[in-house]
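Chains as they are written, first to last, in this note's numbering: chain D, 1 to 259; chain W, 1 to 259.
First comes the structure, then the notes that go with it.
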DNA sequence: GAATAGCGTTCGTATATACGAACATTGGAG
DNA sequence: CTCCAATGTTCGTATATACGAACGCTATTC
């Protein structure tokens, strides 16, 4: 933590995030207005970011887009170490056995960040849906990740006591969340029923290494393919995969820089 | 172009790129030494980048790594529009038909940037992954992309007249490159024989929309699976895919912000 | 266990940068 | 065709920031 956050650095990150929020492009003036800073203050920053290909400027339409070098950096984050490849193999195995979709990710502040998605059909290695974030309390593996915190800590993380709704089924209160987290700590399994995407149910487990919840994994299933029998099957595969992955992480501890 | 490049912005990008070059982590002092700036100058920048999760600091080992939010931004670059998904489908079709690996990418300065890779098997050790860059002159589709420039322009882009070697087979002179580019302009096909990865041959085509070379696509094949008969087959599939992709781009012109 | 070498951290001041206002340019409306 | 309302751009000065040196901390070495 700096004495105060470095202003220019914060602004550059704000700029990138603002541009990211506008896939159709955004003008210098709109960025300035959105950040509540003078146009002239961010003008040189934008010019440099564009010059270095971290932003792309469409000069005709006077709009800025994200630049290719962000893609390059973003991929370096996951591609350098092969530990994620090994984990993906485990996920693919379960995806093939169950014909359902597996997710693997970590906690990023109060959001879950999808690092890997594995399903039967799109098993080529393009960073696609990974990279998305969702509020942790609204997803199966998000709740698995939150289970590392005590009820008291959870209350401190969500001081308002209420949780913004994503769907009709999203948990709405911190008390309800804490109740589920307690169950997760006791049983080792986390459940989600259409709380982030209507029509999708999940079972999830936390990945725990040396007593710490490092990441989580979930299997996502359309409601119409979900029943009690299959749930038992999913849980068995999840447990098997969990152990494999915890072993992989233990054996490659130095490569784990994701949480 | 700014009056002069904005110093702080440049430094932040330099920091990120320096950290990216050190997957095993790098200390504040080493970053400072590498950029030839005082430690105290970048200290607040690093603290802010880490605080915002664009860098991750391992405080025990005093090392910095790339942070998850770079992954988030990098994925926004490709995920927002579904145009790349559509192109991916075309590549996957050819990958299945030929059982070989397809690449799709764009020019980024003098490098080729891999945007999509499509192959049948996910766990194969691969030439390159999306997000990687290679010198354009050393790859099949890189040469396809360079074919949009005249011999004179190419000489201006590589003023030394010589090309750094990647493998034993990399083209070594700009004259040799220009000779091949002329052939590409005439035939529409670009060839590579182990010039970036020993043992891999490529055939590639440029993707041309409204007279402009926007991107390129290649099929990468181990030498031992490559022969004249298959080459004809590859070229037929590439032509078919090229037309499909050019159509996709034409129909989704507004989504194309990649080059 | 003392000494050392490396690291991150702090702080006052020289210096680069951010700001606001005025200017320039473009596209669209009347 | 003219005007207007956007946009991006420039420039001098107030201001935040970068610098260098000194400090403190930790871990390794002898």
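Where a beta carbon is used, it is the ideal one built from N, C-alpha and C, also for glycine.
{"Check": "Alpha-carbon spacing of residue 100 (chain W) relative to residue 248 (chain W), whole angstroms", "Outcome": "23 angstroms"}
{"Check": "Contact with chain W by residue 252 (chain D), beta-carbon distance below 8 angstroms", "Outcome": "no"}
{"Check": "Straight-line Cα distance separating residue 154 (chain W) from residue 84 (chain D)", "Outcome": "40 angstroms"}
{"Check": "Length of the line joining the Cα atoms of residue 200 (chain D) and residue 183 (chain D)", "Outcome": "21 angstroms"}
{"Check": "As assigned by DSSP and simplified to three states, the class of residue 125 (chain W)", "Outcome": "In this predicted model, residue 125 (chain W) has a pLDDT of only 34, less than 50, meaning its place in the structure is not dependable; the value taken from the coordinates is given anyway. The answer is coil: DSSP assigns residue 125 (chain W) none of H, G, I, E or B."}
{"Check": "CA-to-CA distance, residue 105 (chain D) to residue 206 (chain D), given in whole angstroms", "Outcome": "10 angstroms"}
{"Check": "Under the three-state DSSP convention, the category residue 191 (chain W) falls into", "Outcome": "strand"}
{"Check": "Spatial distance of residue 243 (chain D) from residue 87 (chain D) (CA atoms)", "Outcome": "11 angstroms"}
{"Check": "Three-state secondary structure assigned by DSSP to residue 103 (chain D)", "Outcome": "strand"}
{"Check": "N-terminal and C-terminal residue of the beta strand (DSSP E) that residue 134 (chain D) is part of", "Outcome": "133-135"}
{"Check": "Chain W contact for residue 258 (chain D) (CB, 8 angstroms cutoff)", "Outcome": "yes"}
{"Check": "Spatially closest choice to residue 223 (chain D) from D:250, D:147, D:193, by CA coordinates", "Outcome": "D:193"}
{"Check": "Positions along the region 140-174 of chain D whose CB lies within less than 7 angstroms of some CB in chain W", "Outcome": "none"}
{"Check": "At least three beta-carbon pairs within less than 8 angstroms, the region 163-183 of chain W to the region 47-64 of chain W", "Outcome": "no"}
{"Check": "Burial state of residue 78 (chain D) (16 or more Cβ within 10 Å)", "Outcome": "buried"}
{"Check": "Cβ of residue 184 (chain W) within 8 angstroms of any chain D Cβ", "Outcome": "no"}
{"Check": "Own chain, CB closer than 7 angstroms to residue 30 (chain D), minus 5 neighbours either side, in chain order", "Outcome": "none"}
{"Check": "heavy atom of the ligand ADP below 7 angstroms from residue 39 (chain W) C-beta", "Outcome": "This structure lacks the ligand ADP; in fact it carries no ligand of any kind."}
{"Check": "Length of the line joining the Cα atoms of residue 157 (chain W) and residue 150 (chain W)", "Outcome": "11 angstroms"}
{"Check": "Residues within the region 19-34 of chain W neighbouring chain D, beta-carbon criterion of under 7 angstroms", "Outcome": "20, 23"}
{"Check": "Given 8 angstroms, three or more beta-carbon pairs between the region 60-72 of chain D and the region 14-34 of chain D", "Outcome": "yes"}
{"Check": "Contact list for the region 47-63 of chain D against chain W, Cβ threshold 7 angstroms", "Outcome": "47, 48, 49, 51, 52, 53, 54, 56"}
{"Check": "Short-range partners of chain W found in the region 64-95 of chain D, where Cβ spacing is below 9 angstroms", "Outcome": "65, 66, 67, 68, 69, 70, 71, 72, 73, 74, 75, 76, 77, 78, 79, 80, 81, 85, 88, 89, 92"}
{"Check": "Beta-carbon proximity list for residue 212 (chain D), same chain, < 8 angstroms, skipping 5 on both sides", "Outcome": "148"}
{"Check": "As assigned by DSSP and simplified to three states, the class of residue 186 (chain D)", "Outcome": "helix"}
{"Check": "Status (buried if at least 16 other CB within 10 Å, exposed otherwise) for residue 56 (chain W)", "Outcome": "buried"}
{"Check": "Unbroken beta strand (DSSP E) run spanning residue 78 (chain D), endpoints", "Outcome": "That residue, residue 78 (chain D), is in no beta strand (DSSP E); its alpha helix (DSSP H) goes 68-79."}
{"Check": "Minimum Cβ-Cβ distance from residue 98 (chain W) to chain D less than 8 angstroms", "Outcome": "no"}
{"Check": "Chain D contact for residue 181 (chain W) (CB, 8 angstroms cutoff)", "Outcome": "no"}
{"Check": "Short Cβ contact (8 angstroms threshold) for residue 214 (chain D) with residue 254 (chain D)", "Outcome": "no"}
{"Check": "Cβ pair residue 143 (chain W), residue 181 (chain W) closer than 8 angstroms", "Outcome": "yes"}
{"Check": "Cross-chain neighbours of residue 219 (chain W) in chain D, by beta carbon under 8 angstroms", "Outcome": "Here the premise fails: no neighbours, minimum Cβ distance about 14 angstroms."}
{"Check": "Cβ-based burial, residue 161 (chain D) [other Cβ within 10 Å; buried from 16]", "Outcome": "exposed"}
{"Check": "Residue of D:185, D:137, D:98 minimising C-alpha distance to residue 226 (chain D)", "Outcome": "D:98"}
{"Check": "8 angstroms Cβ cutoff, residue 16 (chain D) in contact with chain W", "Outcome": "yes"}
{"Check": "Buried/exposed call for residue 6 (chain D), threshold 16 Cβ in 10 Å", "Outcome": "buried"}
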